[in-house]
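What follows is the structure, encoded as structure tokens:
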């Protein structure tokens, strides 16, 4: 791919370098404060509610939501908005059902909560499988997306872009743990909100400050005419729309890197308020992204479609260039370089969050508990966590480089959300609320959720090999409507067909602890 | 007993406290209808987007369609329910939590002998069911430690 502007490289690289220098400085500072396991995975539980709200927003608003949703709205109009709405409404599921309970019952990983009263080793192994599946698919998708974007925006080779992103991601996590990850996410959330706000103001300036004028102008520049403002251009099958909606609203509540953030605050009250902060930040962000998608259509029109690339991912950077004065102008170059740097920071913050959640699953759940029966030292646990982060990161970098820019990113993201909604969410919700739920139920539920999600996505029209994917065994692009009920069914069947042997703790303990916070992990004292 | 670490807390006794029952009931009174409402509102929107394209595409004002208006109501709903839950928790749930923690602490300070031996005492994976009547047994001689505390 050709860089958007020939002399962009130096400017964009300069802003990249500044962001990297600041975040590496923070990582050095954080590394001095990361000695215990609580500091490595949970930032010593010293993050405030407001800070965590920004960090959740920074962890969640991926390049896929910024560039991807703006691009979808640019190309297909209304259907892109469905993603924005689903991603936001999902936080009510997190707030009402999980946030406070996670904080009260867990320590570092979602497996802590899932296996709280179950037979530790099988339940933790199952939970770790769910976490690793989600983190792996999401991480590979983000790495490939990062490579494609940086290649297009800065003009360096795909493999080099992936490698550079991966190395910085690993620096943050391995040396700075959750403290560095948190601050990278907070800075990124601020940068992204400033960047989108700036572009939104420039878009509104173009249309005479009346946001309602955006709709008519966007419609006027689309070949689809009236259909551009209606649903159905991107998701022509109604069942697919509903299935996607289901996966979005329940999948977020099963994303390990988001749920892990609740362990970083001092108490459940802070966890609660951090979700509401995140809701307002993310809500404002998606409103602005919608305006940018429509704005890109109104400003760039049909002529911009080819340059925006497959999926319209470059629509927002192109819009920035046009709003700054166009290609080749100083304003256009500066704005484009700034947005490219914001996209880079966005990717770094998300992949760091994913890697640290995966390292928790490997070191805390699989190594310490399943392999070492909790007889390892804290020193060993952190060492294994750092090695695990390196290992997971290296594998993701390798797959992204070998798979190359042709790897289907939306397939990977869809898979991550399907597994999160079908495997992690049912098991976690039932572990917290259903007295009879047992170890066998958790293991079968997670396995059924993971296997059915992967199988259905492979059999879906977009992935199944063959011309036009006409003969795909499963008709829907989004498996949620089938795989989520299957996940719950797996939990239920496993539970009713078995008896619990040697439960770890009682349901009463989980219930009292998750509702009141009595016995919850405390913040580290310094 | 130490309420802040959860060591040797009598969970079953707290679970039977009227304050705890009230906490669970009050939380449910908010969360169940609120969850039902947001799911219905959200899936109503999604189903309309899937099956009623023309209705969603009806222009209200110069291209601002029903679909976009309904999408905007989703943003308002999420923000309002979030803030409402914060207020409800602070006014109606947190005071109960404080009282429950005080109750739990007071019982032990007074030498409550119904405290059950702590399940944490036993390592994960090697835990055997407490013998029948364990709930009435005197507190374990040495305070049990969480497995992680052994590190």
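Protein chains in written order, with the working numbering: chain A, 1 to 526; chain B, 1001 to 1151.
Heads up, the beta-carbon is just placed ideally off N, CA and C, and yes, glycines get one too.
Query: Whole beta strand (DSSP E) elements within the segment 438 to 516 of chain A, 3-residue minimum; Result: none
Query: CB contact flag (residue 77(A), residue 233(A), <9 angstroms); Result: yes
Query: Length of the line joining the Cα atoms of residue 449(A) and residue 419(A); Result: 6 angstroms
Query: Neighbourhood of residue 262(A) by C-beta distance below 6 angstroms, restricted to the same chain and skipping five residues each side; Result: 99, 102, 103 and 271
Query: Which listed residue (79(A), 125(A), 19(A) and 29(A)) has its alpha carbon closest to that of residue 424(A); Result: 125(A)
Query: Collapsed DSSP secondary structure at residue 1061(B) in the structure displayed; Result: strand
Query: Through-space distance from residue 1009(B) to residue 48(A), alpha-carbon basis; Result: 28 angstroms
Query: Proximity to residue 1049(B) [Cα-Cα], best of 430(A), 519(A), 230(A) and 199(A); Result: 230(A)
Query: Members of the segment 265 to 283 of chain A near chain B, C-beta cut-off 8 angstroms; Result: 269, 272, 273, 275, 276, 279, 280 and 283
Query: DSSP three-state assignment for residue 47(A), whether helix, strand or coil; Result: coil
Query: Residue-level contact to chain B via CB, residue 153(A), 9 angstroms cutoff; Result: no
Query: Nearest to residue 287(A) (by Cα), restricted to the options 372(A), 237(A) and 197(A); Result: 197(A)
Query: Chain B contact residues for residue 229(A), given Cβ-Cβ distances below 8 angstroms; Result: 1057, 1059, 1063, 1065, 1067 and 1068
Query: CB contact below 9 angstroms: residue 1097(B) versus chain A; Result: yes
Query: Cβ neighbour criterion (16 or more within 10 Å) applied to residue 364(A); Result: buried
Query: Contact between the segment 55 to 71 of chain A and the segment 275 to 293 of chain A (3+ Cβ pairs under 8 angstroms); Result: yes
Query: Residue 81(A) versus 1018(B), 1025(B), 1067(B) and 1099(B), residue with shortest Cα-Cα distance; Result: 1067(B)
Query: The segment 32 to 42 of chain A touching the segment 191 to 208 of chain A, judged by at least three CB pairs closer than 8 angstroms; Result: no
Query: C-alpha gap between residue 529(A) and residue 481(A), whole angstroms; Result: Not covered by the structure: residue 529(A). The range shown for chain A is 1 to 526.
Query: Complete alpha helix (DSSP H) runs within the segment 357 to 408 of chain A (minimum length 4 residues, chain order); Result: 378 to 403
Query: The segment 499 to 523 of chain A: positions lying closer than 8 angstroms to chain B by Cβ; Result: 502, 503, 504, 505, 506, 508, 509, 511, 512, 513, 515, 516, 517, 518, 519, 520 and 522
Query: Test item: CB-CB of residue 409(A) and residue 145(A) under 9 angstroms; Result: yes
Query: Sequence ranges, alpha helix (DSSP H) only - wholly within the segment 42 to 109 of chain A, length at least 4; Result: 49 to 60, 69 to 76, 78 to 93 and 99 to 105
Query: is_contact[residue 242(A), chain C] using C-beta, thresh 9 angstroms; Result: Among the protein chains of the structure shown, namely A and B, there is no chain C.
Query: Residue-level contact to chain A via CB, residue 1091(B), 9 angstroms cutoff; Result: no
Query: Residue 216(A): contacting residues in chain B (beta-carbon distance under 7 angstroms); Result: 1062 and 1063
Query: Residue-chain proximity (residue 18(A), chain B), Cβ-Cβ < 9 angstroms; Result: no
Query: Cutoff 6 angstroms; reference residue 354(A); Cβ partners in own chain excluding five residues on either side; Result: 135, 138, 139 and 257
Query: Contact test: residue 1079(B) Cβ vs the ligand GTP heavy atom, cutoff 8 angstroms; Result: Although the ligand GTP was asked about, the structure shown includes no ligands whatsoever.
Query: Residue 527(A) versus residue 445(A) - alpha carbon distance; Result: Lying outside 1 to 526, the shown extent of chain A, residue 527(A) is not represented and no answer is given.
Query: Any C-beta of chain B under 9 angstroms from that of residue 290(A); Result: yes
Query: Where the segment 1008 to 1027 of chain B meets chain A: residues whose CB sits under 8 angstroms from a CB there; Result: 1009, 1011, 1012, 1014, 1015, 1020, 1023, 1024 and 1027
Query: Option in 1037(B), 1091(B) and 1027(B) with minimal Cα separation from residue 1080(B); Result: 1037(B)
Query: Contacts of residue 245(A) in chain B (Cβ-Cβ under 9 angstroms); Result: 1042, 1043, 1045, 1046, 1047, 1049 and 1050
Query: Interface partners of residue 1036(B) on chain A, CB under 8 angstroms; Result: Result: empty, since nearest Cβ-Cβ is about 10 angstroms, beyond 8 angstroms.
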